[in-house]
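See below for the structure under consideration.
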Amino acid sequence: MRYVNSARNYAEQNIHKYVDYNGNVYYIALEDIEPVTELLACYPFSFNILPDLFWSGDAKHNLTYLSFECKLCNKSYESPLLTKYHIHYEHGRNDPTVQNNIDKHMFIRQPEKDLFGDLLKQGDLKKTNLNSSVVISVENQAKELKTKESKAKESNAK
Numbered sequence: 001m002r003y004v005n006s007a008r009n010y011a012e013q014n015i016h017k018y019v020d021y022n023g024n025v026y027y028i029a030l031e032d033i034e035p036v037t038e039l040l041a042c043y044p045f046s047f048n049i050l051p052d053l054f055w056s057g058d059a060k061h062n063l064t065y066l067s068f069e070c071k072l073c074n075k076s077y078e079s080p081l082l083t084k085y086h087i088h089y090e091h092g093r094n095d096p097t098v099q100n101n102i103d104k105h106m107f108i109r110q111p112e113k114d115l116f117g118d119l120l121k122q123g124d125l126k127k128t129n130l131n132s133s134v135v136i137s138v139e140n141q142a143k144e145l146k147t148k149e150s151k152a153k154e155s156n157a158k
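Under UniProt numbering, think of the first position of the sequence shown as 1, with each following residue one higher.
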């Protein structure tokens with residue numbers, strides 16, 4: 001899966017992006033996708049994407065992903081509303097101190113570096129069979145790339 005473009009509306013998307021509680025980004029096919037079909041996903045407002053820049057293939061892209069994390073259990077969500085809902089119903093049902101201070105139990109997390117963009121630039125995204133709704137993790141591939149980079153720096157320093 002090398003290119004995923006931004007759908008103009010939800011009806012146009014053929015894959016769906018979601019983020020699990022560890023912050024990993026996954027894509028899942030919503031329908032059977034033929035081999036040369038364009039991959040289209042709708043992104044939430046927490047993705048600030050300029051599609052023509054991001055998918056141009058060079059380093060001029062702009063991708064900033066925000067996740068909203070519960071400090072009580074480390075689950076993360078795509079929006080502050082979902083996070084507040086989680087905190088209220090999972091942790092604050094019988095605890096008025098949590099209900100009155102929901103914002104204090106929420107953490108906004110941003111990546112230090114755009115590792116996803118580095119993967120796109122280097123062409124290291126693994127291909128997958130989206131027809132069978134195989135779920136892939138872009139975030140794990142980014143971590144692997146970061147590990148390779150740090151090992152290369154260590155070997156060059158020696």
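Ideal Cβ placement from N, Cα and C applies to all residues, glycine included.
Proximity to residue i [Cα-Cα], best of the options
i      : options                           : result
Leu-40 : Glu-31, Ile-15, Tyr-27 and Leu-30 : Ile-15
Pro-80 : Ser-67, Ala-7 and Tyr-26          : Ser-67
Cα-Cα separation between residue i and residue j, rounded to whole angstroms
i           : j       : result
residue 187 : Thr-37  : The structure shown does not extend to residue 187, since the chain spans only 1 to 158, so no value can be given for it.
Asp-103     : Tyr-77  : 14 Å
Thr-97      : Pro-35  : 53 Å
Lys-153     : Glu-31  : 42 Å
Asn-101     : Ile-87  : 10 Å
Lys-148     : Val-25  : 20 Å
Thr-83      : Ser-6   : 25 Å
Tyr-3       : Asn-94  : 46 Å
Glu-106     : Lys-151 : First, the residue type needs correcting, since residue 106 is Met and not Glu in the sequence shown. Each residue's alpha carbon lies about 34 Å from the other.
Ala-11      : Cys-73  : 34 Å
Tyr-85      : Lys-146 : 34 Å
Where residue i falls: helix, strand or coil (DSSP)
i       : result
Ser-67  : strand
Asn-156 : helix
Ala-7   : coil
Close beta carbons around residue i, own chain, < 8 Å, minus the five adjacent residues each side
i      : result
Tyr-89 : none
Gly-92 : Val-98, Gln-99 and Ile-102
Close-in-space but distant-in-sequence residues of the same chain around residue i (CB under 7 Å, 5 per side omitted)
i      : result
Gln-13 : Ala-7, Leu-30, Leu-40, Ala-41 and Cys-42
Neighbourhood of residue i by C-beta, 6 Å cutoff - its chain only, sequence neighbours within 5 removed
i      : result
Lys-17 : Tyr-27 and Ala-41
Suppose only complete runs of 3+ residues qualify. What are the beta strand (DSSP E) ranges in the region 71–113, listed by chain order?
Those beta strand (DSSP E) runs which fall completely within the region 71–113 and span 3+ residues are 106–109.
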